[in-house]
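These notes concern the structure reproduced below.
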Amino acid sequence: MSAAALEIAGLRKSFGKLEVLRGIDLTLAEHEVVCLIGASGSGKSTLLRCVNLLEPIDAGRIVIRGEEITTRGVDVNAVRRGIGIVFQSFNLFPHMSVLDNITLGPRKALELSKVAAEARADELLSRFGLADKREEYPDRLSGGQQQRVAIVRALAMQPGLMLLDEVTSALDPELVAEVLQVIRELANEGMTMLIATHEMGFARDVASRVCFLDAGVLLEEGTPAEIFGAPREPRTQQFLQRIVEAGRL
Amino acid sequence: MKIFLIAEVFILVFALAIAVLRSLPGPVFFPVRALAVVYVDLFRGIPTILVIYILGFGVPALGLPGVPVEPLFWGVVSLVLVYSAYVSEVYRAGIDSVHPSQAAAARSLGLTHGQALRFVVIPQAVRRVIPPLLNDFIGLQKDTALVALLGVVEAFRQSQIDVAGSFNYTPYIATAIIFVALTVPMARLTDWLIARDKRRQQAGRLA
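For the record, the sequence lines run as chains S and A.
Each residue of the first sequence is one higher than the one before, starting from 731 at the first, in the numbering used here.
Each residue of the second sequence is one higher than the one before, starting from 221 at the first, in the numbering used here.
This is the structure in structure tokens:
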């Protein structure tokens, strides 16, 4: 049996006295799409940032395809090259054109030639309907377009795993769909993804598994049908009840 | 003018290096950071004129072999040392003003700390600090007059010579006009650079 795409075991993380992650165990098989749901502050974002080594962890371990990335002496940059992350606030580089945003990683971290990096970028841009935006600066794009560019920027590194951190939370409602569509396409292609989201309808459609995070603990996990249809834990029921009341499911 | 131009080039580079050293993360680089802090504290604390006296008269007086004795050289070195301390603080403020999420985005692509600084953080930081940088350079342009104390003939020194010869003080006014005439174009150039940058990045928002 091949190693899991991602294996998280006993992960703990504190900010000062506040323990944000209190022993997380989670495994993703290849091509699996796992959605993390839970209230703000439940630790979803921190978990993703830990997997990308943007936050040092306090205890536990993270293993990617059989290689532990949380031991000493790991080449942090090499690990990150294999993981794409997309942020809630896009974090595009405002002083660079769309094309330069996308080619920066491939050129500097993968040491691709300018020509090769631009070819790769152009292919992705046209695939996601952004070909005419290649020379634009991020500020001139809509939020939805910016987030799609951010996804393309991550994909240009040809990662084996994508982490999406509430990528539609900063968008106007009418722009959410175009971004979710891109993620659906990625899921259909078999991209392994760990997605923190507040879009429950989307999670139900796209996820192979849904995990409910509550106060730093992975309280419940199951298929979308199990979690959304018949949640076992009272906290999960409560959370989903509120979502339904807010008209978001 | 020559003094100013030579000094400015060195200051721009040297000050950025100091600012970058001060931003290095982790306990390993503590000594480097501490050294940078001491340097900045020292040269911001000592009056420029004292630095010029110490280096311009003191060092050549030591008579060390292989050490230059030209006053112009030590005048420029003094200005570079003093102004780099100020300018490095300006750079550092610029670097700190770039949101950490920008560095995080760069690092998440697998770029090293140095690459993230070079391609993402510093270009944005420098754009933001152009106005205060210019401010310091106008100060520098005026302080080149202090190098005259070492016997180097620059505009101010020349005007003193002229005044001494004729007891007519208009050369001072002429010199003052020269200094203003030199700083104004730089101010307008900076305004233009900032405006161009804004236009390029934000034109779409207004449309």
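No residue lacks a Cβ here, since even glycine has one placed at the ideal position from N, Cα and C.
Backbone secondary structure at residue i - three-state DSSP
i	result
M892/S	strand
A427/A	Unreliable placement is indicated for A427/A, whose pLDDT of 36 sits below 50; the coordinate value is still reported in the next sentence. Of the three classes helix, strand and coil, the one that applies to A427/A here is coil, per DSSP.
S843/S	coil
R811/S	helix
R939/S	strand
L860/S	coil
G771/S	coil
G286/A	coil
A313/A	helix
L916/S	helix
E963/S	coil
A281/A	helix
Y392/A	helix
F339/A	helix
L901/S	coil
V804/S	coil
S304/A	helix
H333/A	helix
Y259/A	helix
C-beta atoms of residue i and residue j nearer than 8 Å
i	j	result
I238/A	Y259/A	yes
A849/S	I832/S	no
D895/S	L778/S	yes
Q798/S	K743/S	Strictly speaking, residue 798/S in this sequence is Glu, with Gln absent from that position. Cβ distance not < 8 Å, so E798/S and K743/S don't count as in contact.
A847/S	R811/S	no
P352/A	V404/A	no
I272/A	L370/A	yes
L916/S	G874/S	no
E929/S	V940/S	no
S328/A	I815/S	yes
A227/A	L299/A	yes
S317/A	R348/A	yes
L336/A	A326/A	In the sequence on display, residue 336/A carries Ala and not Leu. Cβ atoms of A336/A and A326/A: closer than 8 Å.
L924/S	V781/S	yes
K863/S	L871/S	yes
T410/A	L354/A	yes
L949/S	L766/S	no
S819/S	A900/S	yes
Contact test: residue i Cβ vs the ligand FAD heavy atom, cutoff 7 Å
i	result
Q971/S	The ligand FAD is absent from the structure shown, which contains no ligands of any kind.
Assigned exposure category for residue i - 16 Cβ within 10 Å defines buried
i	result
G959/S	exposed
L225/A	exposed
V828/S	buried
P412/A	Residue identity differs from the one stated: residue 412/A is Trp in this sequence, not Pro. Exposed, since its Cβ has fewer than 16 Cβ neighbours within 10 Å.
V367/A	buried
L262/A	exposed
K761/S	Checking the displayed sequence, the identity of residue 761/S turns out to be His instead of Lys. The residue is exposed, with fewer than 16 neighbouring Cβ atoms inside 10 Å.
H319/A	exposed
D356/A	buried
S304/A	buried
A427/A	The pLDDT assigned to A427/A is 36, lower than 50, so where the model puts this residue is not dependable; a value taken from the coordinates is nonetheless given after this. It is exposed - the Cβ of A427/A has fewer than 16 other Cβ atoms within 10 Å.
Q971/S	exposed
R425/A	For R425/A, the predicted structure reports a pLDDT of 47, less than 50, and the residue's modelled location is therefore unreliable. A value from the coordinates is still provided. Answer is exposed; the Cβ neighbour count stays below 16.
S770/S	exposed
G773/S	buried
P989/S	Absent from the structure is residue 989/S, since the part of chain S shown begins at 731 and ends at 979.
A345/A	buried
F745/S	exposed
S856/S	exposed
M826/S	buried
M406/A	exposed
Identity of the residues DSSP links to residue i by a beta bridge
i	result
L736/S	L758/S
S744/S	E749/S
C765/S	I925/S, V940/S
R791/S	A739/S
V816/S	L894/S
V947/S	D944/S
E798/S	V793/S
G952/S	V940/S
8 Å contact criterion, which residue i and residue j should meet: CB distance rounded
i	j	result
V909/S	Q877/S	5 Å
D755/S	G740/S	7 Å
L842/S	V806/S	Contact flag wrong, Cβ pair sits at about 20 Å.
L860/S	V845/S	The pair is not a contact, with the Cβ atoms about 20 Å apart (cut-off 8 Å).
A886/S	P836/S	5 Å
R934/S	P903/S	18 Å between Cβ atoms; not a contact.
K362/A	F399/A	6 Å
I957/S	T966/S	7 Å
I813/S	L758/S	Contact flag wrong, Cβ pair sits at about 12 Å.
G295/A	I223/A	6 Å
G790/S	A733/S	G790/S to A733/S, Cβ: 17 Å. No contact.
V365/A	N821/S	Note that residue 365/A is Ala in the sequence shown here, rather than Val. Wrong, their Cβ atoms sit about 46 Å apart, outside the cutoff.
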